[in-house]
Amino acid sequence: MNAAATTRSESIGQSPRALSNTSSVPLRSLPSDEQWLLTRLRQSDEQAFDELVTKHHGALIRMAMGHVGDREVAEEVVQDTWTAVIESLDRFEGRSSLRTWIFGIMIHKAKDRGVREKRHTTFSDFETFDDEQEDAVDPSRFHRSGEWTGHWAFPPQPWDDQTPEKLLASQQAVQAMNRAIEALPVTLKDVLILRDVEGVDAQEVCEILKITETNLYVRLHRARERVRRAVETYLEGCQRAV
Amino acid sequence: MAHNSSQSVHEEITCREVVEWTAAYLDAHVGEDRKQQIALHLAACAGCGAYVGQIASVRDLVRLLPQTVDSPSESEQVRQAVAAKLRRR
Chain P
-8 MNAAATTRSE SIGQSPRALS NTSSVPLRSL PSDEQWLLTR LRQSDEQAFD ELVTKHHGAL
52 IRMAMGHVGD REVAEEVVQD TWTAVIESLD RFEGRSSLRT WIFGIMIHKA KDRGVREKRH
112 TTFSDFETFD DEQEDAVDPS RFHRSGEWTG HWAFPPQPWD DQTPEKLLAS QQAVQAMNRA
172 IEALPVTLKD VLILRDVEGV DAQEVCEILK ITETNLYVRL HRARERVRRA VETYLEGCQR
232 AV
Chain C
20 MAHNSSQSVH EEITCREVVE WTAAYLDAHV GEDRKQQIAL HLAACAGCGA YVGQIASVRD
80 LVRLLPQTVD SPSESEQVRQ AVAAKLRRR
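Sequence lines, in order, name chains P and C.
Going by my numbering, the first residue of the first sequence is number -8, and it counts up by one from there.
Going by my numbering, the first residue of the second sequence is number 20, and it counts up by one from there.
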């Protein structure tokens, strides 16, 4: 896939500049299945749009909420995103994937709306995240001096092979994990949703969020650690209850 | 004595460093030397073995978590709105 960034106007679904018939621009950089989808979308194929909405709407809402903090506003942002997608289809030149383009439009609109609304008040929304800030894991869990400096002082208790299955079957555990995800600062939440929930590959995540791979792995690790910590706390509570 | 750089690299990595490399390691986004260094450490360190395994489980679990973000009625409203715009295109 061509890793070149989209043009600014293409990326945020703005009003068209004067262009020749861009719908005839070859889309060689797109995989064949995406080229076919794009062809159907440009032919106003409602089933194709249905597939697109089904595929991406949930993740778009979830990410938008991280930026605007309000469900109703997030829905409006995503609705505006789909409108922009429909209106800008002929100008999409295929220099990024369709997904990168759609999520890029949403993020631009969500950030813009978040600034205008200034309504989100949850701690996670105001919590800024610096890639250079504190360690993912509490430093007190490692030896700080002596020959074992940097090694586990308080290692995690092992999970057995059935633990993941048990976690998914437990409403409390599922709620704990979802709460941990929703409480993430937006910069961590975006990478977790794209990479782990949606399965977007690392390079495309970087294109969508306009971050380096170094940033990606730092943020991804911190996001996963916060969810792991939530699970650890839940399991410790279960053990105490026994 | 010839300097065995790979052995000295393997001896130097701490648990704290392994923890920081975990996401990149699980994504196979580390160089071969670092990968071997971490793999050797994991083979010998139960704490890090548990930690990396748990992060891998979290990575797999979050994809499977049931979502309440999108209700069926909301999805249908969005589809109808998109279809209406499409017809006017």
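Cβ coordinates follow ideal geometry from the N, Cα and C atoms, glycine included.
Which of the residues in the segment 185 to 200 of chain P, read from start to end, lie with their CB under 7 Å from any CB of chain C?
Per Cβ criterion, the list reads ASP187, VAL188, GLY190 and ALA193.
Put PHE133 of chain P into one of helix, strand or coil per three-state DSSP.
Note: PHE133 of chain P maps to strand in three-state DSSP.
For the alpha helix (DSSP H) that contains ALA56 of chain C, what are its first and last residues?
The sequence as given places Gln at residue 56 of chain C; Ala does not occur at that position. Start and end: 51 to 63.
HIS48 of chain C and ALA193 of chain P look like a contact to me (Cβ under 8 Å); what is the Cβ gap, rounded to whole Å?
Contact holds; Cβ gap of about 7 Å.
Please list the segments of the alpha helix (DSSP H) lying wholly inside the segment 192 to 226 of chain P, counting only runs of 4 or more residues, in order along the chain.
Complete alpha helix (DSSP H) runs here, min 4: 193 to 200.
Which residues in chain P sit within 8 Å of GLU39 of chain C, going by Cβ to Cβ distance?
Within chain P, the residues near GLU39 of chain C are ASP126, ALA127 and HIS212.
With C-beta atoms as the reference, is ARG217 of chain P less than 8 Å away from ALA171 of chain P?
Yes, they are a contact pair.
To the nearest angstrom, report how far apart ARG33 of chain P and ALA102 of chain C are at their CA atoms.
Answer to the nearest angstrom: the Cα atoms are 13 Å apart.
My assumption, with CB atoms under 8 Å, is that ILE199 of chain P sits in contact with GLY49 of chain P. Please give the rounded CB distance.
Their Cβ separation, rounded to whole angstroms, is 16 Å, which puts ILE199 of chain P and GLY49 of chain P out of contact at 8 Å.
Suppose you measure from the CA of ARG78 of chain C to the CA of VAL165 of chain P; what does that come to, to the nearest Å?
Their Cα atoms are separated by approximately 14 Å.
Opposite SER143 of chain P in the DSSP bridges: which residues?
Rather than Ser, the amino acid found at residue 143 of chain P in this sequence is Trp. For TRP143 of chain P, which the question treats as bridged, DSSP gives the partners P:PHE133.
Under 7 Å Cβ-Cβ, which residues of chain C neighbour GLU37 of chain P?
Neighbours of GLU37 of chain P on chain C, chain order: ALA102 and LEU105.
Measure the Cβ-Cβ separation of ILE93 of chain P and HIS47 of chain P and say whether it is below 8 Å.
In this structure, HIS47 of chain P lies closer than 8 Å to ILE93 of chain P by Cβ.
Shortest alpha-carbon distance to ALA127 of chain P belongs to which of P:THR91, P:CYS229 and P:VAL209?
Nearest option by C-alpha distance: P:VAL209.
Excluding the 5 residues preceding and the 5 following GLU138 of chain P in the sequence, name in chain order all residues of the same chain whose CB lies nearer than 6 Å to its CB.
Taken in chain order, the list of residues that qualify is empty.
For MET97 of chain P, decide whether its Cβ has a neighbour in chain C, counting only Cβ atoms nearer than 8 Å.
No, no contact with chain C.
Are the CB atoms of VAL191 of chain P and ARG90 of chain P nearer to each other than 8 Å?
A contact, by the Cβ cut-off of 8 Å.
Is it right to say PRO130 of chain P is buried, meaning 16 or more other beta carbons lie within 10 angstroms of its own, or is it exposed?
Exposed: under 16 other Cβ atoms inside 10 Å.
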